[in-house]
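Residues 6 to 236 (this note's numbering) are what the sequence shown spells out, left to right.
No residue lacks a Cβ here, since even glycine has one placed at the ideal position from N, Cα and C.
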Amino acid sequence: MSDLVVRELCKVYPNPRQDVVVLDHLSFELNRGDNLAIVGPSGAGKSTLLQILGTLDQPTSGSVEVSGRNPFALGEVEQARFRNQHIGFIFQDHHLLPQWNVLENTLLPSLAFGRATQAHVDRARELLERVGLSDRLTHLPSQLSGGERERVAVARALLLRPTMVLADEPTGNLDSDNAATVGELLLEVPKEQNTMLIVVTHSMSLARRMNRCQELRRGKLTDTSLVERTG
Ligand SMILES: Nc1ncnc2c1ncn2[C@@H]1O[C@H](COP(=O)(O)OP(=O)(O)OP(=O)(O)O)[C@@H](O)[C@H]1O
Ligand SMILES: [Mg+2]
């Protein structure tokens, strides 16, 4: 069985006039080391899908299994632990804590259920080196460029060796040079770490370079044509 199995996923927002169907019996599978780009028009439900995969939102119906487990069957505390262990998030506005430096921000996931061990610190340093930030360890987020902040978010998402990394428009706020650098790292580093990567992006140049690119439209994922991908 695949590391991620999504079956008949539905998300419906009840509305007195007409229910809003955002995800409509959506199914797909993905394995560690694979990557998937999700594209689609604004309002299509891309962020909703990532939020559900990340257990930050509940599906209306359907199932999600990560490494053979259904996170929605878990109690609140267990689910938080599951999220911490299996899922790394990278958001467009990176969500770094302003009063914490680069190394501390990277260590954040290790603090959720305890304290950072020497092994966590070593791994954080190694990941920060990998994303080219070895000489920025004690900088605060305000002392970094947008691309550097996004690279901290990449390192942080990978700290606990999650099953999957979910990224919502990670290059959306960056100029094209920075977007290219972050995009490169996003493609390479999770693969090296055998982590699954799902990226929502409006950047066709990023989507095109990923293993799979699917479009979310009318609540379902469909293959995008090669013409669109290279056009
Ligand atoms: N709490 C809610 N109640 C009702 N409708 C909602 C709610 N949250 C989101 N929606 C609707 O769900 C749809 C999908 O929203 P979502 O944020 O997932 O879109 P998106 O594909 O990420 O768009 P964008 O590219 O603009 O970020 C939107 O039409 C939105 O209005
Ligand atoms: Mg969105």
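Any chance the segment 47–59 sits against the segment 163–177, with 3 or more Cβ pairs inside 8 Å?
yes
What residue range is occupied by the uninterrupted alpha helix (DSSP H) comprising His91?
81–91
Glu34 and Ser7: beta carbons closer than 8 Å?
yes
From which residue to which residue does the alpha helix (DSSP H) around Ser52 run?
51–58
If we count Cβ pairs, one from each stretch, closer than 8 Å, do we get three or more for the segment 200–215 versus the segment 35–54?
Flag = yes, the segment 200–215 and the segment 35–54 touch.
With DSSP as the reference, please indicate the residues paired to Lys16 in a beta bridge.
Leu28
Which same chain residues, not among the five before or five after Gly50, have their C-beta less than 8 Å away from its C-beta?
Lys16, Val27, Leu28, Leu221, Gly224
I'd like to know whether the C-beta atoms of Ala129 and Leu108 end up nearer to each other than 8 Å.
In contact: Ala129 and Leu108 (Cβ atoms closer than 8 Å).
Mapping DSSP to helix, strand and coil, what is Asn75?
coil
Any residues whose CB sits closer than 7 Å to a heavy atom of ligand 3? List them in chain order?
This structure does not include ligand 3; its bound ligands are ligand 1 and ligand 2.
Reducing DSSP to helix, strand and coil, say where Leu191 ends up.
helix
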